[in-house]
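There are 4 protein chains.
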Amino acid sequence: MISFESDYTTGAHPKVLQRLIETNLEPLNGYGADPYCESARRKIREACECPDADVHFLVGGTQTNSTVIAALLRDYEGVAAAKTGHVSLHEAGAVEYTGHKVLEIPQENGKIQADVLADYLAAFYADEAHEHMVFPGMVYISHPTEYGTLYSKAELTAIAEICRKYELPLFLDGARLGYGLMSRQTDLTLPDIARLCDVFYIGGTKVGALCGEAVVFTKKNAPRHFMTITKQHGALLAKGRLLGIQFDALFTDGLYFEIGRHAIDMAEKLKRMFAEKGYEFFMDSPTNQQFVILSNEKYEELKRSVVMTWWEPYGDDASVVRFAASWSTTEEDLAALEKLL
Amino acid sequence: MISFESDYTTGAHPKVLQRLIETNLEPLNGYGADPYCESARRKIREACECPDADVHFLVGGTQTNSTVIAALLRDYEGVAAAKTGHVSLHEAGAVEYTGHKVLEIPQENGKIQADVLADYLAAFYADEAHEHMVFPGMVYISHPTEYGTLYSKAELTAIAEICRKYELPLFLDGARLGYGLMSRQTDLTLPDIARLCDVFYIGGTKVGALCGEAVVFTKKNAPRHFMTITKQHGALLAKGRLLGIQFDALFTDGLYFEIGRHAIDMAEKLKRMFAEKGYEFFMDSPTNQQFVILSNEKYEELKRSVVMTWWEPYGDDASVVRFAASWSTTEEDLAALEKLL
Amino acid sequence: MISFESDYTTGAHPKVLQRLIETNLEPLNGYGADPYCESARRKIREACECPDADVHFLVGGTQTNSTVIAALLRDYEGVAAAKTGHVSLHEAGAVEYTGHKVLEIPQENGKIQADVLADYLAAFYADEAHEHMVFPGMVYISHPTEYGTLYSKAELTAIAEICRKYELPLFLDGARLGYGLMSRQTDLTLPDIARLCDVFYIGGTKVGALCGEAVVFTKKNAPRHFMTITKQHGALLAKGRLLGIQFDALFTDGLYFEIGRHAIDMAEKLKRMFAEKGYEFFMDSPTNQQFVILSNEKYEELKRSVVMTWWEPYGDDASVVRFAASWSTTEEDLAALEKLL
Amino acid sequence: MISFESDYTTGAHPKVLQRLIETNLEPLNGYGADPYCESARRKIREACECPDADVHFLVGGTQTNSTVIAALLRDYEGVAAAKTGHVSLHEAGAVEYTGHKVLEIPQENGKIQADVLADYLAAFYADEAHEHMVFPGMVYISHPTEYGTLYSKAELTAIAEICRKYELPLFLDGARLGYGLMSRQTDLTLPDIARLCDVFYIGGTKVGALCGEAVVFTKKNAPRHFMTITKQHGALLAKGRLLGIQFDALFTDGLYFEIGRHAIDMAEKLKRMFAEKGYEFFMDSPTNQQFVILSNEKYEELKRSVVMTWWEPYGDDASVVRFAASWSTTEEDLAALEKLL
């Protein structure tokens with residue numbers, strides 16, 4: 003079986019694992035107060051060109067989203083997010099569990115449009131009954147989105163400007179950020195994102211780590227006692243070293259970007275391969291996830307040798323199927339898939 | 003510097019790490035649906051002599067406590083726990099954050115006494131105003147407790163009987179369970195615990211894993227859709243393999259027990275060492291944490307070469323200081339400490 | 003100034019007030035354990051032809067909605083409701099504050115269509131990722147809806163059948179139930195509603211009481227310890243008599259229905275009046291709220307003498323304006339309005 | 003039967019009821035935006051000598067406590083309260099339901115001692131692990147307490163000073179404030195309380211109203227969008243007039259104080275009556291609740307003709323029984339009781 007199931011099917015990138023092995027016996031302080039966490043924080047600040055950033059390490063994506071969102075919102079506020087946003091749909095109501103509504107905004111290919119956001123906010127404040135409604139308290143976007151799409155620098159700037167106008171923190175979910183940054187079709191750099199967003203996270207789990215997400219409060223704006231908040235959410239790792247060492251490795255010699263680039267290269271080849279064989283795509287994805295339309299017959303046939311993710315039906319006889327590349331996707335995997343098509 | 007700071011200062015036990023290395027490139031299903039998780043579940047059921055148990059892997063202790071407690075309680079119920087219980091004091095209100103009160107019960111050396119629990123429950127139902135109060139909905143104990151103490155089989159049986167009488171699930175926090183099971187002063191086995199408790203967890207983080215706690219619902223009594231609940235709490239790891247592989251290793255060839263025994267051996271030696279030098283103990287601990295009374299002068303002196311945990315003041319001139327042993331404590335560490343005393 | 007602003011602008015119906023006056027000096031048990039509450043419960047059960055119903059009195063609508071919904075849902079469940087439902091939009095996130103998502107269903111004129119609900123539920127369970135999503139745990143509808151519209155018996159039956167199939171409690175928000183029951187265009191009786199729904203409430207605040215909503219669990223299915231849950235939500239009135247006496251009055255000699263009929267009569271006259279003068283309606287409302295399209299010029303002119311509720315813009319030069327009738331609307335009010343049109 | 007059961011057994015004080023009757027037909031804005039609410043706010047500000055106060059009307063005590071507490075605390079904070087405080091014990095976990103821990107402080111006769119509070123706070127910040135604990139975020143006291151006792155001006159000043167030092171808002175639960183203010187043993191006036199506390203509420207339900215509590219943020223310090231927060235808690239009454247009219251009446255011509263004085267007079271007579279007959283008291287209460295020790299035999303005998311509240315056992319053969327006076331207690335009630343003793 004070859005696997006294009008997701009970008010979290012294999013373990014850690016070998017260089018990340020190597021650092022865990024080398025440091026295994028060192029006794030270190032817990033809860034993120036060890037020198038590897040400190041070093042990783044410093045390297046991340048540098049990579050973001052954001053010397054004042056507060057950097058915190060959490061374990062997983064849903065946890066990070068609900069912890070950050072709950073920490074930033076006041077009780078009477080909700081988070082505006084695309085209707086297809088991960089927090090809206092696929093986190094089992096983790097945000098609502100903390101008491102906050104996800105205010106669902108119409109989307110296109112997984113992205114919020116700046117003018118749609120502006121209209122929503124203007125309409126909210128124009129509504130005479132808005133004191134009986136959930137106040138928008140922040141904006142959540144994902145980049146890449148759940149559909150693998152990307153915001154352009156102009157689009158992100160436009161959203162950021164609206165957020166500034168309404169004094170709403172802008173939070174970017176970067177669970178797959180590495181793939182977005184290394185896409186051949188992006189004009190957004192890590193420092194751009196750090197400049198435009200108030201908080202974002204650099205995904206580790208899906209970009210070469212065993213687990214871990216690095217939350218960056220870009221304007222020294224971490225909520226007071228964020229460590230206690232993290233603990234309260236069950237998100238504070240006793241062996242914080244596990245996160246610090248991994249992110250230190252990921253941000254040494256550009257490994258995080260190298261992983262992103264490799265997956266993008268593999269995804270582009272895969273895309274070309276499907277295109278050449280005449281397959282169509284559900285949408286044009288510039289990142290490591292490709293959404294291919296397969297006849298149901300072909301899908302069933304492939305399933306015998308390939309692990310992939312069924313996404314949604316496409317008419318009566320076909321399906322949208324997701325193929326994901328990662329740091330561990332190899333040329334051999336692609337060659338094997340090609341033979342099967 | 004030698005460290006007796008805690009049992010989570012070093013990485014993973016080498017055999018655990020070895021298995022992570024060996025399996026690193028295998029593509030596996032996420033979210034706990036991989037064969038290592040399955041194998042670990044089977045081995046845990048066997049070790050518990052509990053063929054019907056539902057076993058779930060979570061990441062950390064506070065997270066496990068709040069997820070399990072919230073999943074078992076109805077909205078109007080709270081969890082009865084020792085006033086010094088971890089959930090009462092040191093989890094930043096994680097249980098309350100899910101909407102439930104911790105009903106604090108008087109304790110002795112960290113333990114709830116069965117008759118005190120019985121009195122509390124009888125008084126609750128005798129109170130004519132009890133419909134205006136938080137109903138006790140389950141009982142939480144830790145074993146070893148936060149003070150390193152242990153319940154005897156008779157004590158745990160007595161508590162379990164009261165719980166049965168009032169139809170309250172009994173939940174045992176086993177963050178340091180390995181040390182409790184291998185204590186020279188215990189008569190409680192893992193199957194005993196599985197038989198007497200409705201749910202408990204086998205701590206990994208503090209017993210040789212990088213992270214991870216194995217929750218055992220002993221009577222096939224996991225709450226419906228516990229996986230979704232786990233996700234909602236931000237406690238569902240995408241790379242569930244990280245937990246499955248580690249617990250599979252810990253429950254292969256008795257490694258979990260071996261780790262426990264080693265730490266107990268080291269702690270007993272340390273205890274003897276202090277006793278021989280005339281030091282006194284804050285309490286008699288049968289497990290891997292020893293609470294020694296040091297003059298403040300001695301404490302300051304030791305601090306230059308030893309990492310340990312200040313616990314609480316002891317009169318004006320002395321302090322209670324905790325020394326913890328773990329899988330990675332060595333004879334060399336002990337010898338070095340001895341020289342300093 | 004004449005007021006058509008809403009159905010909660012005046013105090014209590016004189017007969018309701020009269021009973022409060024007559025009983026004022028009687029010392030009565032608190033928290034709903036007085037004979038007037040008991041009598042009101044009995045009369046409500048009779049009016050519902052539902053001898054097994056559990057009846058509880060709460061104070062206001064948002065409170066009732068969030069208390070009932072939170073009491074019926076498990077943690078991992080949400081409530082399915084029309085996108086325009088009161089719980090979705092106009093309760094300041096009270097449901098989310100209790101930790102539950104409102105699962106927004108498309109609507110028509112404020113109503114959920116049975117087939118749309120069926121499709122949503124089928125799609126949910128067909129989605130392979132549904133264990134990562136919020137489970138639908140109950141269905142909320144309002145009757146009359148926020149737009150004054152009504153479900154027919156056939157429509158409500160169809161929704162109830164889907165709910166039965168998926169084992170979802172059906173909850174009907176009857177904040178304005180009296181007007182729905184007395185509409186000239188309804189075929190749904192109170193016993194029909196009691197038979198088809200698992201729980202509903204009979205609105206008092208908007209139908210002649212000072213405050214108060216009577217929650218009817220129609221199948222003796224009140225959640226365990228619902229009184230404690232009510233207390234926990236801050237919804238248990240110490241002087242429960244205030245609610246019991248009012249509902250006892252409302253359900254004596256058909257007063258509740260009489261109030262409804264009067265308001266419907268007034269609304270129908272108002273409707274005819276507008277129609278005769280050539281005004282158009284935003285939608286055809288069969289109840290006490292009428293949504294009239296006024297030119298902005300006319301609206302501004304009327305505002306000098308009439309209190310009404312601006313609803314939403316209608317093109318550039320007109321607005322939808324709500325006129326509500328209630329127990330206290332008089333022929334004189336109508337005559338005065340007519341003169342102004 | 004004569005009733006000394008509580009101070010919420012009868013309806014509204016006749017003057018309060020009279021105003022409800024007189025205003026019943028006036029159409030008024032909802033949600034607290036009517037002239038009676040405005041007038042009541044102004045009169046309360048005057049009575050408090052607190053021209054900048056924000057005044058909000060809520061319906062009941064538990065609701066007010068949990069709404070105010072949740073609105074003032076940050077997520078990681080809890081409320082410090084006496085172990086016997088109403089929020090600790092008798093509100094069904096309403097505070098915890100909003101996600102916050104009640105930090106229980108030892109008490110004497112229902113009162114927090116300033117030095118005990120100071121010690122608790124000092125110890126909290128001295129604890130090296132306090133970032134893993136719930137931060138004290140405000141202090142809650144009740145006045146009169148649940149035992150009918152009162153803080154002296156010196157005591158309240160000392161507590162307020164500690165609160166200032168730690169920047170903790172001081173919140174006083176005045177469910178029975180009228181009786182405290184009119185006690186013959188108090189040196190605290192309403193302006194004193196307004197000056198010393200950051201927020202408090204003036205209880206209506208137990209002091210002559212049908213329902214209602216007036217929350218006073220004394221330093222123009224109401225949390226932002228407190229109306230929306232109130233709505234979210236289900237505590238915003240549609241017919242806000244019901245609260246405004248009642249409080250307007252209570253603060254017209256000193257009615258609130260007159261009610262308090264009458265009940266105190268009745269309680270003092272009752273106290274003297276019991277004392278003269280040789281009965282003992284559980285504690286010396288200076289307010290409208292008297293805690294008398296009755297032999298169980300006497301208690302059973304009295305129960306046939308008197309409604310009173312059993313409080314707790316007193317040895318094997320006696321009980322503490324509460325007798326409460328209110329605005330509606332009469333000389334005839336006392337005479338009838340005297341005959342039975």
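Chains as they are written, first to last, in my numbering: chain A, 3 to 343; chain G, 3 to 343; chain X, 3 to 343; chain D, 3 to 343. Quick reminder that beta carbons are idealized off the backbone N, C-alpha and C, glycines included. Note that the coordinates shown come from a computational prediction; the quantities given were computed from them, not determined experimentally.
Rounded C-alpha distance that separates residue i from residue j
i, j, result
"LEU252 (chain D)", "LEU183 (chain D)", "14 Å"
"SER144 (chain G)", "ALA94 (chain X)", "40 Å"
"MET285 (chain A)", "ALA160 (chain A)", "23 Å"
"TYR78 (chain X)", "LYS85 (chain X)", "20 Å"
"ARG178 (chain D)", "LYS208 (chain D)", "6 Å"
"TYR99 (chain D)", "THR25 (chain D)", "37 Å"
"PRO53 (chain G)", "GLU157 (chain G)", "25 Å"
"PRO171 (chain X)", "ILE107 (chain X)", "16 Å"
"GLY206 (chain G)", "ILE114 (chain G)", "24 Å"
"ALA277 (chain X)", "GLU215 (chain D)", "46 Å"
"LEU198 (chain D)", "ALA162 (chain D)", "6 Å"
"PHE59 (chain D)", "GLU40 (chain D)", "11 Å"
Residue i - DSSP class collapsed to helix/strand/coil
i, result
"PHE378 (chain D)", "Nothing in the structure corresponds to residue 378 (chain D), since chain D is present only between 3 and 343."
"LEU27 (chain D)", "coil"
"GLU163 (chain G)", "helix"
"SER185 (chain A)", "coil"
"TYR99 (chain X)", "helix"
"GLU106 (chain X)", "strand"
"VAL118 (chain X)", "helix"
"PHE137 (chain X)", "strand"
"LYS208 (chain A)", "coil"
"TYR10 (chain G)", "coil"
"PHE253 (chain G)", "coil"
"TYR127 (chain X)", "helix"
"TYR78 (chain G)", "coil"
Buried or exposed (CB count within 10 angstroms, at least 16 for buried), residue i
i, result
"THR332 (chain X)", "exposed"
"SER307 (chain A)", "exposed"
"MET3 (chain A)", "exposed"
"LYS273 (chain X)", "buried"
"MET268 (chain D)", "buried"
"LEU22 (chain X)", "buried"
"GLY139 (chain X)", "buried"
"SER8 (chain A)", "buried"
"LYS233 (chain A)", "buried"
Residues bridged to residue i [DSSP beta-bridge criterion]
i, result
"TYR344 (chain G)", "There is simply no residue 344 (chain G) to check, as chain G begins at 3 and stops at 343 in what is shown."
"ASP56 (chain G)", "G:PHE219"
"SER5 (chain X)", "X:VAL309"
"LYS113 (chain X)", "X:GLU110"
"TYR38 (chain D)", "DSSP output for TYR38 (chain D) lists no bridge partner at all."
Residue i CB to nearest heavy atom of the ligand ADP below 7 Å
i, result
"VAL217 (chain D)", "What this structure holds is no ligand at all, so the ligand ADP is not there to describe."
Query raised in the report: Which ranges would you report for the alpha helix (DSSP H) in the segment 258-329 of chain D if only whole runs of at least 4 residues count?
Result: Within the segment 258-329 of chain D, the complete alpha helix (DSSP H) runs of at least 4 residues are 298-305.
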